[in-house]
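Single-structure report; data block below.
In this note's numbering, the protein residues as written are 1003 to 1184.
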C-alpha cells in the first residue's frame, strides 16, 4: 500500500471509534436524562445493530436528534483540535516564540508537518461531511429535527472555509519561499 493510504488508515481508526462511541453515548444519555422506556428489537435484515424501539414517535425523534447532535459535537471537537494544530503547531506556520516555549518544556514533538496535519484534517473533515449528510438524510426522512440538520450543515461549511484558509496560508508561504530561491 502507498504511504498516503497507510497514513489515512492510521489516522482514521481512532476518530471512527470515537464517533461511534459518541453516538452510542448520546443515545444512552438521552434515555437516562429523559427516563425513556425503550426496547431492543432484533431485526433479521439489520446489517450492524438491532433497533432500539420507543413507545412514541416523539421520543424516537428526540433521541435520534440529540444523539446525532452529540455525535456531531464529538466530530467538531476533533476537527477543531486539528484546525488549532494546523494554525498554531504546523511547522510552516509556527512562531519562533512558540517554538522556544515548546522547546523549554520538551514538547517540540507537538509541532507537525503538512503531511501529518493535512491527513488528519482530511479524515476528520470527511467524517464531518459524512455525519452532516447522514443528519440531513435523517431530517429529510423525518427522523431528526430541522434545526439539527441546519446547524450541522452551517458548521460544516464554516469548517470547510477555515480549512481552505489554512491551505491558502500554506500555499502562500510555499510560494514566497520558492520565489525567494529563484
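Think of the CB as a built atom: it goes at the ideal place given N, C-alpha and C, for glycine as much as any other residue.
Three-way DSSP call (helix, strand, coil) for residue i in this model
i: residue 1168; result: helix
i: residue 1034; result: helix
i: residue 1055; result: strand
i: residue 1107; result: coil
i: residue 1131; result: helix
i: residue 1121; result: helix
i: residue 1012; result: helix
i: residue 1113; result: coil
i: residue 1093; result: coil
i: residue 1083; result: helix
CB of residue i within 8 angstroms of CB of residue j, strictly
i: residue 1123; j: residue 1082; result: no
i: residue 1102; j: residue 1110; result: no
i: residue 1158; j: residue 1131; result: yes
i: residue 1028; j: residue 1069; result: yes
i: residue 1056; j: residue 1042; result: no
i: residue 1031; j: residue 1072; result: yes
i: residue 1074; j: residue 1154; result: yes
i: residue 1017; j: residue 1120; result: no
i: residue 1084; j: residue 1133; result: no
i: residue 1086; j: residue 1112; result: no
Proximity test, residue i beta-carbon vs the ligand ATP heavy atom, cut-off 7 angstroms
i: residue 1096; result: This structure does not include the ligand ATP; it has no bound ligands of any sort.
Cutoff 6 angstroms; reference residue i; Cβ partners in own chain excluding five residues on either side
i: residue 1115; result: 1093
i: residue 1147; result: 1067
Residues of its chain near residue i, where Cβ-Cβ distance is below 7 angstroms and the 5 sequence neighbours each way are ignored
i: residue 1138; result: 1151 and 1155
Which residues DSSP lists as bridging residue i, in chain order
i: residue 1193; result: This structure leaves residue 1193 out entirely; the chain is present only between 1003 and 1184.
Cβ neighbours of residue i in the same chain (closer than 8 angstroms, five flanking residues each side left out)
i: residue 1033; result: 1040 and 1065
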